[in-house]
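Residues 851 to 1063 (the working numbering) are what the sequence shown spells out, left to right. Heads up, the beta-carbon is just placed ideally off N, CA and C, and yes, glycines get one too. Since the model is a prediction, treat every value here as computed from it, not as a measurement.
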Amino acid sequence: MEKSRFKRVCVFCGSSPGNKPSYQLAAIQLGQELVERNIDLVYGGGSIGLMGLVSQAVFNGGRHVLGVIPKILMPREITGETVGEVRAVAGMHQRKAEMARQADAFIALPGGYGTLEELLEVITWAQLGIHDKPVGLLNVDGYYNLLLSFIDTAVAEGFITPSARRIVISAQTAYELMCKLEEYVPQNAGAASKLSWEKEHQLGYPAMSDIAR
């Protein structure tokens, strides 16, 4: 396999395993696909649910795992021994900014409110030109079909531009999704340098220019 363009991928996913075994299998297969491509993982730091499965698969394959987790969530989302490096941060905003800064691409496995919130934020950042990193949905058993339908409706109704629609990449398998992410050509390359993000400095978040790297 050719060398990947990515050094580290950020994976958003549930701290629950989900009701279907296919979700759990997809998390393991994604971890194995990252290992196959010599890609490290950054994720939300939990040791349970899909988070635990994908991180364990990457760690077992000999790649570096970086978990970023707010201190307040550590008792809830970490049970037993952690894998890889765990970086505790003050809150949710710092968690998302640090994961984004560390990653070269983003993938969402099935998850709930937290996964959706993280996913939509990095999509919005791409739309605004804050970063030009690819964003992928691992659409296991059609889990994200309704979300993709909503996005298409928003395009049809004039709330999302066709070019912004192309930010979101989806596939049903880890292999297919990684191939698409490798081929992704950003829509807003270079746009981040034109914008000013003093507000993030005032709030104490990492600079958005760091996220764009």
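- Around the Cβ of N995, a 10 Å sphere holds fewer than 16 other Cβ atoms; the residue is exposed.
- Residue burial annotation: F1009 is exposed, with fewer than 16 other C-beta atoms found within 10 angstroms of its C-beta.
- Pairing T1003 with L987, the inter-Cα distance amounts to about 18 Å.
- Setting aside the 5 residues that flank it on each side, F862 is surrounded in the same chain by A958, T965, E968 and L969, each with a C-beta closer than 6 Å to its C-beta; the list follows chain order.
- Contact between the region 931-946 and the region 977-991 is not established, with fewer than three Cβ pairs separated by less than 8 Å.
- Inter-residue distance for I889 and I973 is about 21 Å (C-alpha atoms, whole angstroms).
- Annotation for G881: no beta strand (DSSP E) segment contains it, though the alpha helix (DSSP H) segment containing it runs P871 to E886.
- Pairing K983 with F956 gives a Cβ-Cβ distance under 8 Å.
- Excluding five sequence positions before and after F856, the CB atoms of its chain that fall closer than 6 Å to its own CB belong to I889, D954 and A955, given in chain order.
- DSSP places D890 in the strand class (E or B) of the three-state scheme.
- By the C-beta density criterion, I1017 is buried, having at least 16 other C-beta atoms within 10 angstroms.
- For G868, the CB contacts under 6 Å within the same chain, skipping 5 residues up- and downstream, are P960 in chain order.
- A residue is called buried once 16 or more other Cβ atoms fall within 10 Å of its Cβ, and S897 is buried on that count.
- Distance from the CA atom of T1011 to the CA atom of I1019, rounded to whole angstroms, is 15 Å.
- Residue burial is scored here from C-beta neighbours: S1013 has fewer than 16 other C-beta atoms within 10 angstroms and is therefore classed as exposed.
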